[in-house]
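What follows is a set of notes on a single structure, which appears directly below.
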Amino acid sequence: MMKIATLASMLTLSLNVFAAPVEIKFSHVVAENTPKGQMALKFKELVEQRLPGEYKVSVFPNSQLFGDNNELAALLLNDVQLVAPSLSKFERYTKKLQVFDLPFLFEDMAAVDRFQQSEAGQKLLTSMRRKGLLGLGYLHNGMKQFSANDPLTLPSDAKGKKFRIMASDVIAAQFDAVDAIPVKKPFSEVFTLLQTRAIDGQENTWSNIYSKKFYEVQSHITESNHGVLDYMIVTSDAFWNSLPKDKRQIIKDSLDEAIALGNKIAMTKNEEDKQAILNSKRTQLVTLTPAQRQQWVAIMKPVWAKFEDKVGKDVIRAAEAANNK
Ligand code: SIN
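Residue numbering for the sequence shown follows the numbering used here, starting at 1268 and increasing by one per position.
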């Protein structure tokens, strides 16, 4: 009896030795030298260090595997196990996350962080559970700036111009408010659209504008800080529940540590990339006076009211409250 048990455990051991590691595919759309790109690589390093031979993380940056149009569907099909879309790209799954797109809601990234860590912010991580998606954490990128092939100083400067936007009805309404033409397009197409002048402008963070070279094909960047571009790292409920509890904990801890590193990078990267863009002299910076910025606020802030019912007044109020330190 003893002998059979020993044999069985030896067999299991040898099978484990030869079993292929479980692959976690992590797909994203940005470059590797961005907060998200670096976070994904750190996550890979930590998981493979802590679960050697058992789990392997394959990172696919730059929309190599899936892009904006299909990454969440691919997650639900288990063709990929982790994605980290911008918070603007979840509209098909929940309207609650639209709160992050409301223009001029957050004063700075510290306020965004306070909201994400608050009870209301943490609740949003599970707001898509009925659709099979589970948020594992938030990751920062930074505040968005406008860019175009003309200086955008006053809201009237945007009139009639085509702007590429992420797939968000709130962002569409934000550009409608200044009589511009919002065009929803995947991130992977932005550079070509700008280069060929199929569109006139876009909005993004300094690190995305730098890493994807948008500044080389846009004559002006307005430092508007009008909204936030952050991420939610999501997995599918089905995949997450299929993991043994102890391994899941190790994977989650690794992700939390990778997020902490990504957030640290985000804090400095946008400023560094802004400087690199300015040093390149390929584009000009438009700095708004407080009175000019106030004109953008006055015209764009009424957008909030249109989305209040879907997002929830309580959620908006909690986000606003995060501006108070
Ligand atoms: C991203 O940062 O993941 C892409 C943002 C965009 O689509 O503009």
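Beta carbons: idealized from backbone N, C-alpha and C, even for Gly.
Every value quoted in this text rests on a predicted model; they were computed, and no experiment measured them.
Any non-hydrogen atom of the ligand SIN within 7 Å of residue i CB
i, result
"serine 1353", "yes"
"phenylalanine 1430", "no"
"methionine 1433", "yes"
"lysine 1303", "yes"
"phenylalanine 1454", "yes"
"aspartate 1446", "no"
"aspartate 1368", "no"
"valine 1297", "yes"
"leucine 1496", "yes"
"aspartate 1467", "no"
"aspartate 1335", "yes"
"asparagine 1408", "yes"
"asparagine 1475", "yes"
"glutamine 1530", "Correcting the residue identity first, residue 1530 is asparagine in this sequence and not glutamine. False, no ligand heavy atom lies under 7 Å from that Cβ."
"asparagine 1492", "no"
"asparagine 1329", "no"
"asparagine 1471", "yes"
Straight-line gap, residue i to residue j (C-alpha atoms, nearest Å)
i, j, result
"alanine 1213", "alanine 1377", "Since the displayed the chain opens at 1268 and closes at 1592, residue 1213 lies outside it and no answer follows."
"aspartate 1497", "alanine 1287", "34 Å"
"alanine 1565", "asparagine 1416", "24 Å"
"methionine 1269", "glutamine 1316", "Summary for methionine 1269: the model assigns pLDDT 46, below 50, so the residue's position carries little reliability; its value from the coordinates is reported in the next sentence. Each residue's alpha carbon lies about 35 Å from the other."
"phenylalanine 1310", "leucine 1421", "42 Å"
"lysine 1580", "serine 1353", "22 Å"
"serine 1330", "proline 1453", "10 Å"
"proline 1418", "valine 1445", "15 Å"
"threonine 1472", "glycine 1409", "6 Å"
"leucine 1392", "serine 1385", "11 Å"
"alanine 1600", "isoleucine 1583", "In the structure as shown, the chain begins at 1268 and stops at 1592. Residue 1600 is therefore absent and cannot be evaluated."
"arginine 1381", "alanine 1434", "25 Å"
"arginine 1515", "asparagine 1336", "28 Å"
"methionine 1499", "glycine 1402", "6 Å"
"proline 1557", "serine 1491", "11 Å"
"phenylalanine 1293", "aspartate 1576", "34 Å"
"histidine 1487", "serine 1478", "17 Å"
"valine 1350", "tryptophan 1563", "33 Å"
Contact check, residue i vs residue j, beta carbons under 8 Å
i, j, result
"valine 1366", "glutamate 1321", "no"
"proline 1370", "glutamine 1469", "no"
"valine 1296", "leucine 1308", "no"
"glycine 1594", "aspartate 1346", "Missing from the structure shown is residue 1594; the chain here goes from 1268 to 1592 and no further."
"phenylalanine 1333", "methionine 1395", "no"
"alanine 1525", "leucine 1313", "yes"
"lysine 1426", "alanine 1439", "no"
"glutamate 1587", "leucine 1364", "no"
Nearest to residue i (by Cα), restricted to the options the options
i, options, result
"glutamine 1485", "Phe1333, Leu1545, Gln1561", "Leu1545"
"phenylalanine 1413", "Gly1427, Arg1431, Arg1397", "Arg1431"
"serine 1474", "Leu1354, Leu1339, His1407, Ala1558", "His1407"
"alanine 1505", "Gly1399, Leu1308, Ala1298, Phe1373", "Gly1399"
"serine 1521", "Asn1300, Lys1426, Lys1323", "Lys1323"
"proline 1328", "Thr1301, Leu1318, Asn1337", "Thr1301"
"lysine 1531", "Met1306, His1493, Val1347", "Met1306"
"arginine 1464", "Thr1489, Val1450, Phe1382", "Val1450"
"alanine 1387", "Lys1592, Lys1573, Ala1585", "Ala1585"
"leucine 1528", "Phe1293, Gly1304, Ser1294", "Gly1304"
"leucine 1318", "Arg1549, Val1553, Asp1513", "Asp1513"
"leucine 1339", "Ser1503, Glu1575, Glu1483", "Ser1503"
"asparagine 1508", "Ala1298, Gln1348, Phe1293", "Gln1348"
"arginine 1397", "Asp1424, Gly1427, Leu1343", "Leu1343"
Integer-rounded CB distance, given that residue j should sit under 8 Å from residue i
i, j, result
"glutamine 1383", "tyrosine 1405", "4 Å"
"valine 1437", "valine 1570", "7 Å"
"lysine 1429", "isoleucine 1466", "4 Å"
Contact with chain C by residue i, beta-carbon distance below 8 Å
i, result
"threonine 1420", "Any reference to chain C falls outside this structure, which holds one protein chain only."
beta-carbon residue i near the ligand ADP non-hydrogen atom, thresh 7 Å
i, result
"leucine 1369", "As far as ligands go, the structure on display features the ligand SIN and does not contain the ligand ADP."
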